[in-house]
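Asks: Take 6 as the starting number for the sequence shown in this note's numbering and just add one per residue.
Think of the CB as a built atom: it goes at the ideal place given N, C-alpha and C, for glycine as much as any other residue.
Predicted model only: the values in this text are computed from it and were never measured.
Please read through the structure below; I'll follow up with questions.
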Amino acid sequence: MLAEVGYEERLVGYEMSPATGNAPRSLYSFREVCDFLRVGNPEDLLTKGSHSSIGYLDLEELRRWIGSVLGDRDLAEAIGRELEAHKTYRERVDAARELMRQRLEQCRAALSE
């Protein structure tokens with residue numbers, strides 16, 4: 006879970022910003038994906054020249070990546086349940102990111118033991 010994956014196994018997201026537009030971003034680790042996945046303040050996102058941004062990922066693809074590439078089927082299933090439970094992209098991102106943050110902390114704790 007804490008290692009980097011190869012080029013073929015990377016996850017591709019999009020950094021979306023009113024200031025710079027949309028730019029693809031290759032993500033190679035679970036920690037990197039946790040840091041990337043976010044939705045900025047809605048008011049700031051609508052302001053021309055704002056530095057706010059969205060770290061956009063296809064959340065179904067994220068779920069599949071966690072389950073198949075990283076092999077964490079339990080987390081993938083938990084994220085799937087959250088995706089079904091929430092309607093908006095922001096709600097889904099917040100729920101998925103929280104589960105991912107918890108798993109990252111579990112991994113770090115296991116390494117320190």
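Taking just the CA atoms, how far does Cys39 sit from Asp99?
Replies: Here residue 99 is taken as the residue at index 94 of the sequence shown, counted from 1. Here residue 39 is taken as the residue at index 34 of the sequence shown, counted from 1. Using only the alpha carbons, I get a separation of about 11 Å.
Asks: Give the range of the beta strand (DSSP E) segment to which Leu16 is assigned.
Replies: Counting from 1 along the sequence shown, the entry for residue 16 is found at position 11. Start and end: 16-22.
Asks: Count the other C-beta atoms from every protein chain shown that fall within 10 angstroms of the C-beta of Arg68, then say buried if there are 16 or more, exposed otherwise.
Replies: Walking along the sequence shown from the start, residue 68 turns up at place 63. The residue in question, Arg68, is buried, as its Cβ has 16 or more Cβ neighbours within 10 Å.
Asks: Just reading off the alpha helix (DSSP H) that Tyr94 is part of, what are its end residues?
Replies: Numbered from its first residue, the sequence shown carries residue 94 at position 89. Looking at the DSSP string, the run of the alpha helix (DSSP H) that includes Tyr94 is 94-117.
Asks: What three-state label does DSSP hand Leu75 in the structure shown?
Replies: Numbered from 1 along the sequence shown, position 70 holds the residue referred to as residue 75. Three-state result, Leu75: coil.
Asks: Give the range of the alpha helix (DSSP H) segment to which Asp63 is assigned.
Replies: Looking up residue 63 in the sequence shown gives position 58. Run containing Asp63: none; DSSP gives neither H nor E here.
Asks: Within its chain, find whatever has a CB closer than 8 Å to the CB of Gly85; leave out the 5 residues flanking it on each side and keep chain order.
Replies: Working through the sequence shown from its first residue, we reach residue 85 at position 80. Once the five neighbours on either side are set aside, the close Cβ partners of Gly85 are Arg68.
Asks: Any idea if Val44 is buried or exposed, counting beta-carbon neighbours within 10 angstroms, 16 or more meaning buried?
Replies: Position 39 of the sequence shown, counted from the first residue, corresponds to residue 44. Buried, since its Cβ has 16 or more Cβ neighbours within 10 Å.
Asks: Taking Ser31 as part of the beta strand (DSSP E), name the residues at either end of that continuous run.
Replies: Position 26 of the sequence shown, counting from 1, holds the residue named residue 31. Looking at the DSSP string, the run of the beta strand (DSSP E) that includes Ser31 is 26-32.
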